Structure formats: C-alpha cells, structure tokens
Amino acid sequence: MPTYFRLMKRVIWTSAAGLSAVAAFQTFGPEVPMTQSVAIAQDDLLSKTWAEIARHGGGTPTFQGIQSCVPCHNESIGEKTPFVTLNREFCALNEVSVFTDDKHRQAWELLKGQLGKQMQKILARSKGDSNYSVLKDKQCLACHANLPPDKDVADFPSLEFGVTCESCHGPSSVWEGPHDDPRWRKMSAQEKEQEWGMIDVRNPVRRAQQCFSCHIGNVQEGKVVTHEMYAAGHPPLPGIEIETFSEQMPAHWRTLTEKGEFKHREDYLAANFPEQGQKPLTDLTRTKSVIIGGTMALRETVKLFASQAVAEDSQAWPELAVFDCSACHHDLGAPSWRQKRGYGKSLPGRPQMFAWPEALVKLGIRQRSGDDDAAFQKDWDTYHGKIEELRRVLDRRPFGDPKAIQAVAMGDEGLVAWLDQLAGDVFQSPVGQEDADRTLQTLVALPPETYPDFHSARQLVWAIRTIVSEMNTEMPKLAAAPEGEANKAAIDRGLRNLKTFYAWKVGERAAAEKKIDDLLTQLELTQKLRLVLPAGTGGAAYDEPPEELIGDQLPESLKAIGSYDPEWFRGQLQELAKTMNSASN
C-alpha cells in the first residue's frame, strides 16, 4: 500500500479523535517505521512518554465499519513483493483478504435471504405488526450486524457490512490511529480496552466472551435468540468449541508463538503477561484455548440463563430457548438411552440447562490441580456442589424461581464467580506438552455413569482433535532479529517469516491435522457427529448469501442427533484412546 494512503489515514484519524489527540500525535510519527521508504528517526522530538501520549486519546469509542480497516489490512502475500511494503512481523496485514471467505461477513445478507424472509413473515404475524422487518429488529441486528443496544438502526450506518473487524476487536474510532504504531504494544490489554475500546481477543478468556456473546447469548448486549425465533425458523444454536470454530472460520491471525520476534516484544510480554509463571512463548496456545473455552462456555451459559430469568421482561419467563431442547424435542423410543442413563439427582421431566457447556469444564479443573489428584477431587466436588445447587432450584418448581436462579448463579459465591476464577487461574498457568497429555487423558476417561449427549460428544472429539494436532506439530522455524537490525531488514525478515508461517500451516500443521482427521473418519466419528462445520462462503460475492447455509444442513444434523447412541460413542472413544496411546509409544 502506498505510503501516501498510510499517512492520510493518520491525518483522517487525528481529525476525528479531537484536538487533544492532534496535539499529542503531532510528535507521534518518529517511532513509526511504516514502509521501506519511510523510516523517520526523531525520538528526540517526543516531549512526552508513550503512556502520556496515549492518554491523550480519550473520547467515546464508536464503530466505523470495516472500510476503516481495509487500507492497511488488505495486503497480499504473493511471490512478488512490492518495493514499498508495510512491516508485517507482528500483524500479517492480509486479514481482510482472509476474512473474504468467512461466513461472518455475510451475516447481514442472511437476513435478506429466503430464510430471513420466512422468519419475517411469521414474526410479523405473531407480533401483530405488518411493518415488522428483520432488517430493523435490534434483536436480530445485535448479532447479524453488530448493532449496540444503545444505538438505533438509523444511527448505525455500517449495518450492511454485517459482522466484521469491530464486532470482535471493539469500536475503533479512538484506537484506530495509534494502534499501528509499535509502541502500542507496550500498553496493557486492560488499558487498551478501558481507555480506548480495543478488545484483546488474543486473551483466550476475553475472546471466549466475545464469541459466546452471539454463539451462546448475552442479555446485556441484546444478543438473545428466543424460542419464538426458533419457531419462526432460526436454526438452533449448536454447541460451540471455540478453537474448532475459530480455526474453521477460517483463522486470519497468528498466535504469539507463530509470529516470531517483533519490535518491543519484551515490553509487550511484560504488559500483557505480568504474572509469574506465565510462559506465553512456550504455551500450547490452542490447547490452552480449548481448556479455557470449555470453562467460559459454561460461564456464559449460566450467565445468560440467570440474566434471562430476571430480565426486565421476565414476565415472559420461562424463556424456553435457554433450556435444553432435547428435554422436550427427542425421540420417544423404548428402550431409551436417556432412561438408562437416568437423571442423576434431578427430577425426571424437569427441563434443565443444556448439557454440552459442562462437557469440558473438567479440563480446567484438572489443569489447575495438575497431577495432584486430591486437589482435583476437592475442586471437582466444589464445582459439582455449585452446579447441583442450580439444578435443585430448577427441580423445586418447573423452570425454577427466577430470583433463586439469579442468587445461585450470580451471587458472590455463585457458579459464575467460581468459573471466572477457574478461567483466570488457567490463563495464568503455563500449558506445555505434559499438560496437554494430561488433558487428553482426562478427555478420553469417561466414567461408567456418564452418558454424553450428541452435542457433548462433539465437544470432546473437537477438543481431542485440536490438542492432538498441536502436540504433534513443531512450531515453524522463524528467523530471529539480529542485534541492531535496520528498518528495511526488519521488514524483509517479517515478510519472510510470514511466508514461512503460511508454508508451515499448509505443510506440517496440515499433515498433523490430516492424521487425526483420518483416524476420526476411520472410527466414523466425523460422519456420525458431523464434526466438519459449514465453513467458508463458497466463493459467494460480498452482497450474496453463502452457497451453503447452516440451515441447509439442519435435516442431516437432526437425523444424526436422533440416531446418536452414547454407548457407541463410548466404544469409539476407547478405540481412539488405544490408537493414540499405541502411536505415542
């Protein structure tokens, strides 16, 4: 991208950010090695420290739309590199290009498609409003177009871009200007979010909250799928394992261990990983994400459940969409694996929460306790006590008492607070090969009384696939930064490392994934659990729905759910464990 546009972007940003920011960033240019042809060295002009300059940003962050990201993040990675290029050692700058094949970008277009029209017709009739439109319903637009709850449709011009960069990274009007300066890396993620509005999606806890706000739900953000919407045709929200879903988007980022060296790396590590014992450069990042994601899935489910129960319109409680669909919608067969399983301490016939968010919580508990079995059992018993307390509330009367649900879930000693602590503890702990191996052993060890349902089984296998492939893949060999490296040399090295990363991704890493995928296919787990997600857009244009809709797969998915047998799954899981153990010996 020509230097001119990069500089004009900064000028445009300063005009939008306010006079105080202009004054601060008039001396901001020196540190910015933007291109091979521009490398200004004027640090002596800075009259303030970086932190002091940063605090001049201020203002209320607002959404600008993907068009503000395109000028820098739409580079290519071709064989022929232009003479003038950006430094890509930290950020690949091809994110928009990759995102072109991401279903998220077509979320708005789906509302205009056949299913959206069908839902609009049904909901208009049920609401008694002939002018009702899914394109104006804030409950639809909160997820499909990133509409904040405090904004009206008319005041949010970027709706038609659907789910794009700011949906995850936060409204960019304040941080867009300074975030492309390397010194931005010196600031902590907390400060970036609290003072600038940029969300740290590199943090697996924060990333899970962002993803689950739509894929599970968030009352405070107006992101709630109701039973009425399901009845009108909205596809059921599937159980989500965050690392699997993220990778199949497809992923448009590199983890910290995949970047190699970059400017201010030590300062970045100190600001973002201040706790003793954290080892971000040697962590198995995807495995850690699986463990934390499993804890956060239950956390967000319980929070949604409790928030719905005491929402302002709680006279509509129970909101059936937050209860396990299979409590009512399942085959009435005999013999039934559900009857064989029993209902634990819960009353038969009382609807409970979804089971799948509980499937991976044990991984976080095991990671926190390490090899200490006594500590694990104590932690597990504490967790079980809290989840059973919530079930008892739901047993006392159908759907539970809203205030009692809120107290058990959201109180100071409630389940959500306990899960928050667990996720935070795992984030601060290192996750290496031994931890990953222990996690795998936890995943394949199903107690005899455990009967995972279809969605829980998917969670287990998705987690196994991610962890096995990461354990069996060496990190790419990236060029280190020599002492006193010049600006042009750093840019060249960054681009070489980026190409090395992509070659590794389609080479060694893809080979490791294929090996576990072949095994899962051989055991029929891939087919019967429908593990492959409908990722990508199939080459559809930006203003067209994707060729393959999630709703199109619903008949086959429902058929798989109906024919699922937990006993079969237990046997296949044991075979999977045997094969993996023999391969590692």
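If you're matching positions, the sequence shown starts at 0 in numbering that gives the first Met the number 0 and goes up one per residue.
Yeah, the Cβ is synthetic: ideal placement off N, Cα and C, and Gly gets one too.
Remember, predicted model here, so these are calculated numbers, not experimental data.
| query | result |
| --- | --- |
| If distances are taken between C-alpha atoms only, which option among Phe568, Leu572, Leu532 comes closest to Leu553? | Leu532 |
| Mind pulling the alpha helix (DSSP H) runs of 4 or more residues that sit fully within the segment 423-511? | 432-443, 453-470, 486-503 |
| Does DSSP classify Asn217 as helix, strand or coil? | strand |
| In chain order, which continuous runs of the alpha helix (DSSP H) of length 4 or greater are located wholly inside the segment 377-416? | 401-409 |
| Indicate whether Gly561 and Asp394 have their beta-carbon atoms separated by less than 8 Å. | no |
| Quick one, are the C-beta atoms of Gly259 and Asn496 less than 8 Å apart? | yes |
| Can you say whether Ala489 is buried or exposed, counting buried as having 16 or more other CB atoms within 10 angstroms of its CB? | buried |
| Looking at Trp336: is its Cβ nearer than 8 Å to the Cβ of Glu566? | yes |
| Verify the CB distance criterion: does Ala559 have a CB-CB separation below 8 Å to chain C? | No chain C is part of this structure, which consists of one protein chain only. |
| In the DSSP assignment, what residue or residues form a beta bridge with Met352? | Phe322 |
| Does the contact criterion of 3 or more C-beta pairs under 8 Å hold for the segment 274-284 versus the segment 315-331? | no |
| Would you list the residues sitting across from Lys222 in a DSSP beta bridge? | Asn217 |
| Are there 16 or more other CB atoms within 10 angstroms of the CB of Lys278, so buried, or fewer, so exposed? | exposed |
| Measuring alpha carbon to alpha carbon, tell me which of Glu192, His103, Arg87 ends up nearest Gly58. | Glu192 |
| How about the segment 301-310 and the segment 399-407: do they share at least three Cβ pairs that are nearer than 8 Å? | yes |
| Taking DSSP as the reference, what is the three-state secondary structure of Leu92? | coil |
| Just the C-alpha distance for Leu519 and Val392, rounded to the nearest angstrom, thanks. | 39 Å |
| Kindly list the residues whose CB is nearer than 8 Å to the CB of Arg529, restricted to its own chain and excluding five residues on each side of it in sequence; keep chain order. | Arg457, Gln552, Glu555, Ser556, Ala559 |
| Check this for me: beta carbons of Val415 and Val301, under 8 Å apart or not? | yes |
| State the DSSP-derived secondary structure class of Ala85, mapped to helix, strand or coil. | Per the sequence shown, residue 85 should be read as Leu rather than Ala. In this structure, Leu85 counts as strand in the three-state DSSP scheme. |
| When you compare the CB positions of Leu158 and Leu146, do they come within less than 8 Å of one another, or not? | yes |
| May I have the straight-line CA-CA distance separating Ala444 from Arg205, to the nearest angstrom? | 29 Å |
| Under 8 Å, do Phe160 and Gly64 count as touching if we go by C-beta distance? | yes |
| Are three or more beta carbon pairs between the segment 373-392 and the segment 348-365 nearer than 8 Å? | yes |
| To the nearest angstrom, how far is it from the Cα of Glu482 to the Cα of Lys262? | 12 Å |
| Take Thr465 as the anchor and find which of Lys513, Ala478, Val173 has the nearest alpha-carbon. | Lys513 |
| Ser288 to Ala207, Cα distance in whole Å? | 9 Å |
| Quick check: the Cα distance between Gly176 and Met470, rounded to an integer number of angstroms? | 38 Å |
| Considering only the beta carbon of each residue, do Pro429 and Glu257 sit closer than 8 Å? | no |
| Can the beta-carbon of Trp461 be found closer than 8 Å to that of Thr254? | no |
| For Arg627, which of helix, strand or coil comes out of DSSP? | With the chain represented from 0 up to 584, any question about residue 627 goes unanswered, as that position is not in the structure. |
| Please state whether DSSP places Asn145 in a helix, a strand or coil. | coil |
| Nearest CA to the CA of Met579: which residue from Ser468, Asn271, Pro70? | Ser468 |
| Below 7 Å CB to CB, which residues in the same chain sit around Arg569 once its five sequence neighbours on both sides are set aside? | Leu445 |
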